[in-house]
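Residue numbers (the numbering used here), protein chains in the order written: chain H, 1 to 112; chain W, 1001 to 1113. For glycine and all other residues, C-beta sits at the position ideal for the given N, C-alpha and C. One structure below.
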């Protein structure tokens, strides 16, 4: 069968360092954004969300920044741990629909 | 609370065969989604149900894919006949309201040979 692209962008960080994962979105009408973490063999797991009327939101060890001017979203993970190793996806949707449009994903590798 | 249950976890079939996947959402969640995730890509919505009615199936290949949600609870996604390019993980998710927080199941990994 056809082999589909496996070359996710990869971010490698040392344990204890901060990680920043970036995402560009395309739909200027999107007003709700979510970051998901997906470990091998599992479904996406909710990390943090942000609405378009905010530019920053903080959770436990995670911060999401939203720049609507350039349609850019970032996820910051403080004091990265080995358990943070996974693929991270950003997703967007609009206020009138709940269909999520996912980005390509970034693989985070935490080295000891 | 119990999560979204999916079965089977893995399925290998030959092209042109049929296959069905089952999803049991979180109790009380009115909205149910089926996503297709090809290896190395983000999930893509196939179909969205609100209770037992279809809200969005614009990206469902209706010539071969079908889905139903009887009684507004469990859902079944079927592929008939399967093609090689259908090899993917099929994820079910549910939420208690549209635009609400999703919970995803672990998915069914389909390999078509």
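Out of the options, which one is the CA nearest neighbour of residue i?
i: residue 1041 of chain W; options: H/56, H/89, H/108; result: H/89
i: residue 1071 of chain W; options: W/1091, W/1049, W/1080; result: W/1049
i: residue 54 of chain H; options: H/33, H/43, H/42, H/39; result: H/33
i: residue 65 of chain H; options: H/14, H/20, H/12, H/10; result: H/20
i: residue 91 of chain H; options: W/1010, W/1044, W/1022; result: W/1044
i: residue 1077 of chain W; options: W/1046, W/1014, W/1020; result: W/1020
i: residue 1116 of chain W; options: H/35, H/112, H/106; result: Here chain W has residues from 1001 to 1113 only, and residue 1116 of chain W is not among them.
i: residue 74 of chain H; options: H/25, H/12, H/13; result: H/25
i: residue 106 of chain H; options: H/60, H/58, H/76; result: H/76
i: residue 1026 of chain W; options: W/1082, W/1103, W/1088, W/1083; result: W/1103
i: residue 1055 of chain W; options: H/109, H/98, H/9, H/11; result: H/98
i: residue 1111 of chain W; options: W/1092, W/1094, W/1087; result: W/1087
i: residue 8 of chain H; options: W/1053, W/1039, W/1066; result: W/1039
i: residue 1024 of chain W; options: W/1090, W/1073, W/1113; result: W/1073
i: residue 1052 of chain W; options: W/1068, W/1061, W/1037, W/1062; result: W/1068
i: residue 37 of chain H; options: H/83, H/112, H/111; result: H/83
i: residue 1081 of chain W; options: W/1090, W/1013, W/1022; result: W/1013
Have a look at the DSSP bridge pairing and note the partners of residue i.
i: residue 1011 of chain W; result: W/1110
i: residue 67 of chain H; result: H/72
i: residue 1089 of chain W; result: W/1037, W/1109
i: residue 1068 of chain W; result: W/1076
i: residue 1049 of chain W; result: W/1032, W/1054
i: residue 1044 of chain W; result: W/1036
i: residue 1102 of chain W; result: In DSSP, residue 1102 of chain W forms no bridge with anything.
i: residue 91 of chain H; result: H/34, H/102
i: residue 50 of chain H; result: H/33
Can you give the beta carbon distance from residue i to residue j, rounded, assuming they're within the 8 Å contact cut?
i: residue 72 of chain H; j: residue 22 of chain H; result: 7 Å
i: residue 1006 of chain W; j: residue 1107 of chain W; result: 6 Å
i: residue 62 of chain H; j: residue 47 of chain H; result: 6 Å
i: residue 29 of chain H; j: residue 69 of chain H; result: With 8 Å as the limit, residue 29 of chain H and residue 69 of chain H do not qualify as a contact, their Cβ atoms being about 15 Å apart.
i: residue 1030 of chain W; j: residue 1096 of chain W; result: 6 Å
i: residue 1011 of chain W; j: residue 1083 of chain W; result: With 8 Å as the limit, residue 1011 of chain W and residue 1083 of chain W do not qualify as a contact, their Cβ atoms being about 14 Å apart.
i: residue 79 of chain H; j: residue 39 of chain H; result: Actually they are not in contact, since the Cβ atoms of residue 79 of chain H and residue 39 of chain H sit about 19 Å apart, beyond 8 Å.
i: residue 1047 of chain W; j: residue 1063 of chain W; result: 14 Å between Cβ atoms; not a contact.
Applying a beta-carbon distance threshold of less than 9 Å, which residues of chain W neighbour residue i?
i: residue 46 of chain H; result: 1101, 1102, 1103, 1104
i: residue 106 of chain H; result: The contacting residues do not exist; residue 106 of chain H stays about 11 Å from chain W at best.
i: residue 89 of chain H; result: 1042, 1043
i: residue 33 of chain H; result: Per Cβ cutoff of 9 Å: no residues; residue 33 of chain H is ~12 Å from chain W at best.
Which bits of chain H does residue i rub up against, with CB to CB less than 8 Å?
i: residue 1091 of chain W; result: 43, 44
i: residue 1036 of chain W; result: Within chain H, no residue comes near residue 1036 of chain W; the closest Cβ sits about 11 Å away, beyond 8 Å.
Interface residues of chain H around residue i at Cβ under 9 Å?
i: residue 1107 of chain W; result: 41, 42, 43
i: residue 1074 of chain W; result: Neighbours of residue 1074 of chain W on chain H: none; closest Cβ ~17 Å, over 9 Å.
Please list, in chain order, the chain W residues whose beta carbon lies closer than 7 Å to that of residue i.
i: residue 8 of chain H; result: 1040
i: residue 103 of chain H; result: 1042
- Task: Mind listing, in chain order, the continuous alpha helix (DSSP H) runs of no fewer than 4 residues lying wholly within the segment 5–31 of chain H?
- Result: The qualifying runs do not exist here; there are none.
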